[in-house]
Structures are given as structure tokens and as C-alpha cells.
Amino acid sequence: MSIELVEVKLEEKSILENMLHFYLDDLSKYTNQLKTNDQGIFEYDSLTYFFTKSNLVPYFIKFDEMVVGFLLFVKTEKSETIDYIVNDIFIFTQYRERGFAGQAVKKLISAYPGTYYVVQLEKNQNAIQFWKSLFKEMQLEYSENMVIESGEKCLAQTFKVPQ
């Protein structure tokens with residue numbers, strides 16, 4: 001069961017936007033910062049940047065040519081210590097627990113060796129466990145810190161992927 005990472009094209013932006021509503025709904029159980037708009041949906045306010053800035057890359061995660069999730073990737077421009085950030089990763093509920101998210105991250109980091117930064121909300125134990133399991137499986141050493149992001153306590157990890 002292998003997945004593909006496929007860059008989202010501008011004409012597919014609305015598909016990604018629809019998926020982001022589900023993602024933010026999932027995240028809302030871990031934070032009080034997310035609120036629905038007057039139409040009752042969660043909005044990802046920086047989505048447009050992923051289609052206007054060359055260092056921000058949105059990917060669909062595909063399995064059998066079906067979109068099963070997404071990964072939002074950042075190539076940092078102003079950091080001397082961090083090369084990349086996995087900004088967001090999401091798999092639809094019916095496709096979870098098949099290893100798709102881990103496969104997606106592995107494909108990404110094998111294509112982009114360097115120093116990575118990832119952050120999880122402190123209350124999102126599933127995300128924290130996902131990353132720690134992946135670090136262990138891939139034998140990646142990482143450093144971890146408690147940080148405040150957008151007013152929320154989070155765990156942040158930095159790890160290096162050798163060339």
C-alpha cells in the first residue's frame with residue numbers, strides 16, 4: 001500500500017480548501033482558538049499563500065489515485081538553523097491507521113534532506129505520538145521544546161535528515 005505526494009495545482013485549490021474544513025474541525029477539539037465563521041465552517045486563513053509564495057508547497061496525499069489527505073510544506077527563507085517545516089498534515093478518518101501519513105512524511109524528507117521543525121498542540125496526543133513513533137522508526141535524533149504558538153502550549157521538535 002504505497003501513497004503518492006502530488007503538488008496541489010491552483011485549479012485544485014477548492015479541493016484542498018474543502019479538506020481543510022475537516023482538518024480544522026479535527027483540531028478544534030484540542031484548542032479554543034479555532035472558531036467557525038458565520039456560515040458555520042472553519043477557515044484556514046493563510047491558504048492563499050500556498051498558491052502565491054514559492055516557498056510554500058501544498059501536497060495531496062494520494063492512494064490508488066484517490067486523495068486521502070494533504071501535507072502543507074514550508075521551505076524556510078529566513079532561518080539559518082531550520083530548512084523545512086511540515087506545517088500541517090491530515091488524513092481523512094476512513095484512511096487513518098494505514099500508515100499513509102508516515103509514508104507521506106518519509107517521501108517528503110527523502111526528497112528534501114536538511115533540518116526540520118514540527119509542532120503539535122500539547123493536547124493533541126495523537127499527533128505527538130505520531131511524530132515520536134516516526135522518529136523512533138526512522139532512527140532520527142530530535143530535540144524537543146515546549147513553545148507557545150498562537151497563544152497555545154505546544155511541543156516542538158527539530159530533527160535533521162542527512163543527505
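Every letter in the sequence shown is one number past the one before it in UniProt numbering, and letter 48, counting from 1, is 48. The beta-carbon is built from N, C-alpha and C at its ideal position, and this holds for glycine as well.
query                                                                                      : result
Using DSSP with H/G/I as helix, E/B as strand and the rest coil, what is Val105?           : helix
May I ask you to report which of helix, strand or coil DSSP gives Asn18?                   : helix
On the DSSP bridge list, what partners appear for Thr52?                                   : The partner list for Thr52 (beta bridge, DSSP) is empty, contrary to what the question assumes.
Per DSSP, which one or two residues make a beta bridge with Phe60?                         : Val6 and Phe70
Where does the unbroken alpha helix (DSSP H) through Asn126 begin, and where does it stop? : Gln125 to Met138
Mind checking which residues open and close the beta strand (DSSP E) that includes Met1?   : Per DSSP, Met1 belongs to no beta strand (DSSP E) and is neither H nor E.
To the nearest angstrom, how far is it from the Cα of Thr81 to the Cα of Thr115?           : 7 angstroms
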